[in-house]
Amino acid sequence: EKGGFDHFMLKEIFEQPRSIADSMRGRVKAEEGTLQLGGLRDYLDKLAKSKRIVIIGCGTSWHAGLVAEYIFEELARIPVEVEYASEFRYRNPIIKEGDIVIAISQSGETADTLAAIELAKSKGAIIFGVCNVVGSSIARATHAGAFTHAGPEIGVASTKAFTAQVTVLTLMALAAAHRKGTLSESLFRQLLTELESIPAKVEQVLQAADKIKEIAYIFTYARNFIYLGRGLNFPVALEGALKLKEISYIHAEGYPAAEMKHGPIALIDEDMPVVVIATQDSSYEKVVSNIQEVKARKGRVIAVVTEGDTHLPGMVDFTIEIPRVHDILMPLVSVVPLQLLSYYIAVMRGRNVDQPRNLAKSVTVE
Ligand code: F6R
């Protein structure tokens, strides 16, 4: 049932070219320049006209929400707030006429997310769900939504569900922006075409697994890790750190790269590995100077770089190349090496990767 892989987690990481394609199947037709989300059809106008979107979720699903925040704001120019469901529900959240709440949950059974949905509903919000499990409690509690169609996720650490969530949220943002008219027809078509190329690009990253394994071997016994990224790669840094914590039990923190100088830089020395997502996007130059700050303090840097980058390999200790991707779609590709890195480190430490201690696949307690 693990399809020849040692663990479900590894199988699910390697399934991503297919699960990402499945989450777009029947929805994206780049050649015709069309995008359809059946479950949102009756609500697309409301989404496009909304004054504010509140995204709620927990853990990895919350990280997918942070990625979506950038994309919705950039393409659809709708203000977005991303909240931990567990915090949202214990405040007296402000919901106004025309606000949309998007609840993200792989399992569709997370107690905090479900309670937050009920609260938002009681205040008159329209709730969209982004769930992986059809028929789940959250899917049933929402007014509309889009399933992620990633297939069953068995490994406790979420991998393919995350990339499917980001894919579906990107489609929602594209559909809203297209309807609203904030996205040009040419960029709309370009992004649809780029989306269709993502599975092949993820496949290309998976081919670097052996190299990532070698890096994991070198850092197996590190006691701490820092993950840095900017823009859309900031939530990816958080997600990389969460994966490492969950399955290897190594303390790891994710930060927006520029925030390092406001405190965490004090932690940097030769015993502090720093994973930096340093792809050639609009914040590349800035990230390079953040790397210089780490190197000046003898931190050891593992950088995720765009293929063909000739500058960073000479500056950092290790590089992992990923293919060039449109900025907006970067997280779908840049998260994959981080999933693999945490997987191999956990395996080398002899951890129970698929069922880490103290964790359950769905958290139905509050
Ligand atoms: C991370 C992880 C958890 C879940 C969180 C939300 O790998 O598995 O952080 O992401 O418990 O779960 P869902 O998405 O099922 O609501």
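Residues 247 to 612 (full-length UniProt numbering) make up the sequence shown, in order.
Virtual Cβ for every residue (Gly too), placed ideally from N, Cα, C.
Just checking Thr-359 against the ligand F6R - is the residue's beta carbon closer than 7 angstroms to any of the ligand's heavy atoms?
Yes, the ligand F6R has a heavy atom inside 7 angstroms of this Cβ.
Ser-608 versus Tyr-467: straight-line alpha-carbon distance, rounded:
Pairing Ser-608 with Tyr-467, the inter-Cα distance amounts to about 29 angstroms.
Ser-588 Cβ short of 7 angstroms to the ligand F6R heavy atom set:
Flag unset: Cβ of Ser-588 not near the ligand F6R.
Taking DSSP as the reference, what is the three-state secondary structure of Phe-471?
Strand at Phe-471.
Excluding the five sequence neighbours on either side, which residues of its own chain have a C-beta within less than 7 angstroms of the C-beta of Leu-438, listed in chain order?
Short of 7 angstroms from the beta carbon of Leu-438, and not among the five residues preceding or following it, lie these beta carbons of its own chain, in chain order: Val-274, Ala-276, Gly-279 and Leu-281.
Quick check on His-395: does DSSP put it in helix, strand or coil?
In this structure, His-395 counts as coil in the three-state DSSP scheme.
Could you give the DSSP three-state label for Thr-565: helix, strand or coil?
The answer is strand: DSSP assigns Thr-565 an E or B state.
Opposing strand residues paired with Phe-374 [DSSP bridges]:
Note: Phe-374 is bridge-paired with Ile-348 and Ala-390 in the DSSP secondary-structure output.
State buried or exposed for residue 222, treating a residue as buried only when at least 16 other CB atoms are found within 10 Å of its CB.
With the chain represented from 247 up to 612, any question about residue 222 goes unanswered, as that position is not in the structure.
Can you list, in chain order, the residues of its chain whose CB lies under 7 angstroms from that of Glu-449, leaving out five sequence neighbours each side?
Correct list, in chain order: Pro-263.
When every heavy atom of the ligand F6R is checked, does at least one fall within less than 7 angstroms of the C-beta of Ala-403?
Taking 7 angstroms as the cut-off, one finds at least one heavy atom of the ligand F6R near enough to the beta carbon of Ala-403.
Return yes when at least one heavy atom of the ligand F6R lies under 7 angstroms from the C-beta of Thr-413, else no.
The answer is no for Thr-413.
8 angstroms Cβ shell around Thr-428 - same chain, five flanking residues per side excluded:
Taken in chain order, the residues that qualify are Leu-321, Ala-322 and Arg-323.
For the beta strand (DSSP E) containing Gly-500, name the first residue and the last one.
Taken as a continuous stretch (DSSP letters only), the beta strand (DSSP E) holding Gly-500 covers 497 to 502.
Gly-587 versus Ala-392: straight-line alpha-carbon distance, rounded:
In the sequence as presented, Gly is not what sits at residue 587; that position holds Leu. Straight across, the Cα-Cα distance linking Leu-587 with Ala-392 is about 30 angstroms.
Give me the Cα-Cα distance between Thr-525 and Pro-325, rounded to the nearest whole angstrom.
Near 26 angstroms, if we compare the C-alpha coordinates of Pro-325 and Thr-525.
Output yes or no for whether 8 angstroms exceeds the beta carbon distance between Ile-537 and Met-506.
At a Cβ-Cβ threshold of 8 angstroms, Ile-537 and Met-506 do not count as neighbours.
So what does Ile-523 bridge to, in DSSP terms?
Val-550, per the DSSP bridge assignment.
Relative to the ligand F6R, is the shortest distance from any of its heavy atoms to the C-beta of Glu-499 smaller than 7 angstroms?
Flag unset: Cβ of Glu-499 not near the ligand F6R.
Inter-residue Cα distance where the pair is Thr-306 and Val-521:
Taking the straight line from one Cα to the other gives about 18 angstroms.
Looking at Ala-606: is its Cβ nearer than 8 angstroms to the Cβ of Val-599?
Not in contact: Ala-606 and Val-599 (Cβ atoms no closer than 8 angstroms).
Considering only their Cβ atoms, is the gap separating Ile-514 from Ala-410 smaller than 8 angstroms?
Going by C-beta atoms, Ala-410 is not nearer than 8 angstroms to Ile-514.
Output the distance between the C-alpha atoms of Lys-367 and Gly-285, rounded to the nearest integer angstrom.
Take the alpha-carbon of Lys-367 and the one of Gly-285: they are about 18 angstroms apart.
Per-residue DSSP class, three states only, for Val-451:
Here Val-451 sits in helix by DSSP.
Residue from Ala-421, Leu-584 and His-557 with nearest C-alpha to Asp-498:
The amino acid occupying residue 498 in the given sequence is Ala; Asp does not appear at that position. Minimum Cα distance to Ala-498 is reached at Leu-584.
For Ser-351, I'd like the list of residues in its chain whose CB is within less than 7 angstroms of its CB, leaving aside the five on either flank, ordered along the chain.
Shown here for Ser-351: same chain residues with a beta carbon closer than 7 angstroms to its own, the five before and five after excluded, namely Gly-303, Ser-307, Thr-359, Cys-377 and Ile-384 in chain order.
Mind listing, in chain order, the continuous alpha helix (DSSP H) runs of no fewer than 4 residues lying wholly within the stretch 277 to 359?
Runs found: 290 to 295, 305 to 317 and 331 to 334.
Start-to-end residues for the alpha helix (DSSP H) that takes in Gly-486
That run of the alpha helix (DSSP H) goes 479 to 494.
Quick check: is any heavy atom of the ligand F6R less than 7 angstroms from the C-beta of Gly-391?
Answer for Gly-391: no, Cβ out of range of the ligand F6R.
Is Leu-488 near the ligand F6R, going by C-beta to nearest heavy atom under 7 angstroms?
The answer is yes for Leu-488.
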